[in-house]
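Novice: The structure that follows is given in the form of structure tokens.
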Amino acid sequence: MTLSTTHAPELTADGSTPSRLRLSGCWTLEHAVAIGETLKQAPEGTTEVDASGVERLDSVGVLQLMRYARRHDLDFDAAFNFHESHRALVSAIEDVADERPKKKREYGFEAALARLGYAVTDNWKEVLALVAFFGETLVKMLRLFKSPGRFRPTATVHHMEQVGLDAVPLIALLCYLVGAVVAFLGSTILKDFGATIFVVELVSIAFLREFGVLLTAIVLAGRTASAFTAQIGAMVSREEVDAIRTLGMDPIDLLVIPRVLALLVMLPLLTFVAMIAGLLGGLTVGAYGLDIPPQQYLARMHETMQLRHFLVGMSKAPIFALLISLIGCLEGLQVQGTAQSVGERTTSSVVQSISLVIVLDAFFAIWFMEMGW
Numbered sequence: 044m045t046l047s048t049t050h051a052p053e054l055t056a057d058g059s060t061p062s063r064l065r066l067s068g069c070w071t072l073e074h075a076v077a078i079g080e081t082l083k084q085a086p087e088g089t090t091e092v093d094a095s096g097v098e099r100l101d102s103v104g105v106l107q108l109m110r111y112a113r114r115h116d117l118d119f120d121a122a123f124n125f126h127e128s129h130r131a132l133v134s135a136i137e138d139v140a141d142e143r144p145k146k147k148r149e150y151g152f153e154a155a156l157a158r159l160g161y162a163v164t165d166n167w168k169e170v171l172a173l174v175a176f177f178g179e180t181l182v183k184m185l186r187l188f189k190s191p192g193r194f195r196p197t198a199t200v201h202h203m204e205q206v207g208l209d210a211v212p213l214i215a216l217l218c219y220l221v222g223a224v225v226a227f228l229g230s231t232i233l234k235d236f237g238a239t240i241f242v243v244e245l246v247s248i249a250f251l252r253e254f255g256v257l258l259t260a261i262v263l264a265g266r267t268a269s270a271f272t273a274q275i276g277a278m279v280s281r282e283e284v285d286a287i288r289t290l291g292m293d294p295i296d297l298l299v300i301p302r303v304l305a306l307l308v309m310l311p312l313l314t315f316v317a318m319i320a321g322l323l324g325g326l327t328v329g330a331y332g333l334d335i336p337p338q339q340y341l342a343r344m345h346e347t348m349q350l351r352h353f354l355v356g357m358s359k360a361p362i363f364a365l366l367i368s369l370i371g372c373l374e375g376l377q378v379q380g381t382a383q384s385v386g387e388r389t390t391s392s393v394v395q396s397i398s399l400v401i402v403l404d405a406f407f408a409i410w411f412m413e414m415g416w
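Take the position in the sequence shown, starting the count at 1, then add 43; the result is the number in the working numbering.
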């Protein structure tokens with residue numbers, strides 16, 4: 044029985060060329076400590092390393108030599124000469140090992156300005172992508188009139204149930220409570236002036252013009268946009284969207300348009316439910332906390348409220364629905380195929396939807412005020 048012996052790693056200077064080192068022995072895991080000690084003894088000023096005499100080499104030895112080259116500012120590929128049998132291993136490790144030092148985060152005014160510029164550029168690219176996606180979706184929706192066979196009623200009705208009917212209890216309860224809170228807070232100020240009855244106008248205008256559609260859109264931005272992104276993103280990660288394209292079908296026809304149509308139909312209906320719930324919340328507080336009978340509350344609302352307040356609120360619902368559905372579907376289609384990407388895109392869709400809904404609502408509020416509506 045013979046025992047195999049391995050030689051410890053050795054490093055010697057070339058007598059003819061002082062800046063040249065010669066490596067020999069076994070540069071492997073079992074000699075990891077010895078490799079580190081040997082490299083510490085390497086003389087300064089080395090510009091070339093002859094590793095053709097190395098008997099055995101594994102990933103540990105290669106990584107140690109790569110770190111040595113980085114510490115001494117050596118070009119690893121140019122400075123090291125490996126034996127032919129070891130070059131495939133070295134090449135494979137170079138491909139997967141990231142030996143580049145991490146870029147330190149820069150601080151100061153210029154760095155902050157650069158980060159701001161990058162953020163603005165990224166946001167602008169997202170806006171352009173959303174506009175392009177809107178145009179593509181609109182063209183294919185108009186194409187349904189020419190080719191009705193492309194319409195998918197089953198999928199559309201399914202998403203209408205998922206988006207609309209399942210959200211009714213949540214939106215009704217939320218708006219009922221907000222309506223009650225608005226009435227209560229308004230009464231605490233108005234009662235000092237003996238004008239408690241104006242709580243009716245406060246709650247009515249707030250919910251008909253703003254709160255009804257805004258609360259509904261925010262809830263659906265968090266509930267529906269995230270669901271659309273997660274559903275489509277999961278299909279992308281499982282390569283189902285690629286399979287749809289391979290079969291000659293359009294993912295927008297199959298996945299996007301049914302969801303967009305479902306939200307376009309259901310968000311206005313949910314907005315109407317939110318308005319009714321908010322008004323009932325104000326009526327409840329008026330009846331039990333402000334001594335305003337329900338008959339008087341309804342009569343006052345009938346006398347003072349105009350149809351234009353209701354129309355202003357309802358006119359914003361389709362725009363919010365289109366925005367939320369497009370963002371949710373676009374973020375889902377942009378998933379890269381990993382679970383982490385699905386989570387990142389889902390978060391992005393919720394943040395973008397809620398932010399843009401609030402920005403657009405503020406724009407509409409100013410515009411309607413200037414128009415006298």
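Even glycine gets a Cβ: it sits at the ideal position worked out from N, Cα and C.
Here the structure is a predicted model, which is why all the values come from computation and not from measurement.
1. Who does threonine 55 pair with in a DSSP beta bridge?
2. Quick one: give me the first and last residue of the alpha helix (DSSP H) that alanine 175 is part of.
3. Evaluate methionine 278 with the Cβ neighbour count: other Cβ atoms within 10 Å of its Cβ, from every protein chain shown; 16 or more gives buried, anything less gives exposed.
4. Considering only residues of the same chain and omitting the five flanking positions on each side of methionine 348, which have a CB-CB separation below 6 angstroms?
5. In terms of alpha-carbon separation, which member of Gly276, Arg65, Val97, Leu106 lies closest to alanine 382?
6. Counting along the chain, where does the alpha helix (DSSP H) carrying valine 97 start and finish?
7. For glycine 104, collect the residues of the same chain with a Cβ closer than 7 angstroms to its Cβ; drop the 5 residues on either side in sequence, then sort them by chain order.
8. Below 6 angstroms CB to CB, which residues in the same chain sit around glutamine 84 once its five sequence neighbours on both sides are set aside?
9. Would you mind working out which of Tyr340, Leu399, Val92 sits nearest alanine 364, comparing C-alpha positions?
10. Measuring only the C-alpha atoms, how far is threonine 389 from alanine 270?
11. Does glutamine 274 pass the burial test, meaning 16 or more other C-beta atoms within 10 Å, or should it be called exposed?
12. Could you tell me the alpha carbon to alpha carbon distance between valine 262 and tyrosine 161, rounded to whole angstroms?
13. For the structure I just gave you, are there three or more beta carbon pairs, one from the region 285-296 and one from the region 335-347, closer than 8 angstroms?
14. Which residues mark the beginning and the end of the alpha helix (DSSP H) in which phenylalanine 32 is found?
15. Can you round the beta-carbon distance between arginine 193 and leucine 187 to whole angstroms, since I take them to be within the 8 angstroms contact cut?
16. CA-CA distance, glutamate 73 and serine 67?
17. In the DSSP assignment, find the unbroken beta strand (DSSP E) run with phenylalanine 125 in it and report its ends.
18. Quick one, which of Val211, Asp101, Ile367 has its alpha-carbon nearest histidine 129's?
19. Decide if the region 199-214 is in contact with the region 294-304; the criterion is three or more beta carbon pairs, one per stretch, under 8 angstroms apart.
20. Does tryptophan 410 come out as helix, strand or coil in the three-state DSSP assignment?
21. Take the Cβ of alanine 172 as the centre, count every other Cβ of all protein chains shown within 10 Å, and call the residue buried at 16 or more, exposed below.
22. List the endpoints of the continuous alpha helix (DSSP H) containing valine 76.
23. Which residues mark the beginning and the end of the alpha helix (DSSP H) in which leucine 361 is found?
24. With distances taken from CA atoms, which of Gln107, Val76, Ala56 is nearest aspartate 93?
25. If you measure between the beta carbons of cysteine 218 and leucine 258, is that distance less than 8 angstroms?
26. List in chain order: all unbroken alpha helix (DSSP H) runs of 4+ residues lying wholly within the region 259-302.
27. Excluding the five sequence neighbours on either side, which residues of its own chain have a C-beta within less than 6 angstroms of the C-beta of glutamine 395, listed in chain order?
28. Just how far apart, CA to CA, sit alanine 286 and valine 174?
29. Would you mind reading off the limits of the alpha helix (DSSP H) that contains threonine 199?
30. Kindly indicate which three-state DSSP category valine 402 falls into: helix, strand or coil?
Specialist: In short:
1. Threonine 55 is bridged to Arg65.
2. Unbroken alpha helix (DSSP H) run through alanine 175: 152-189.
3. Buried, by the Cβ-count rule.
4. Once the five neighbours on either side are set aside, the close Cβ partners of methionine 348 are Ser247.
5. It is Gly276.
6. Careful: valine 97 lies outside any alpha helix (DSSP H), inside the beta strand (DSSP E) at 91-100.
7. Within its own chain, the residues whose Cβ lies closer than 7 angstroms to the Cβ of glycine 104, once the five positions on either side in sequence are excluded, are Trp70, Thr71, Ile78, listed in chain order.
8. Answer for glutamine 84: no residue qualifies.
9. In terms of Cα proximity to alanine 364, the closest of Tyr340, Leu399, Val92 is Leu399.
10. The alpha-carbon atoms of threonine 389 and alanine 270 are separated by roughly 8 angstroms.
11. Counting other Cβ atoms within 10 Å of its Cβ, glutamine 274 reaches 16 or more and is therefore classed as buried.
12. Across the structure, valine 262 and tyrosine 161 are spaced so that their CA atoms are roughly 30 angstroms apart.
13. Contact fails: fewer than three Cβ-Cβ distances are below 8 angstroms.
14. Residue coverage of the chain in this structure runs from 44 to 416, which leaves residue 32 outside it and unanswerable.
15. Contact flag correct, Cβ pair sits at about 6 angstroms.
16. When rounded, the distance between both Cα atoms is 15 angstroms.
17. First-last of the beta strand (DSSP E) with phenylalanine 125: 123-125.
18. Looking at the Cα atoms, Asp101 is the closest of the given residues.
19. Of all C-beta pairs linking the region 199-214 to the region 294-304, three or more are shorter than 8 angstroms, placing the two stretches in contact.
20. The answer is helix: DSSP assigns tryptophan 410 an H, G or I state.
21. Alanine 172 comes out exposed.
22. Start and end: 75-83.
23. A small correction: the amino acid at residue 361 is proline; leucine does not occupy that position in the sequence shown. From DSSP, the alpha helix (DSSP H) with proline 361 extends over 350-376.
24. Here the closest residue by C-alpha is Ala56.
25. With respect to leucine 258, cysteine 218 sits close: the two C-beta atoms are nearer than 8 angstroms.
26. For the region 259-302, whole alpha helix (DSSP H) runs of length 4 or above, ordered along the chain, are 283-289.
27. Cβ within range, chain order: Ile370.
28. Distance between the alpha carbons of alanine 286 and valine 174 is about 26 angstroms.
29. Note, threonine 199: alpha helix (DSSP H), 196-206.
30. Residue state, collapsed to three classes: helix.
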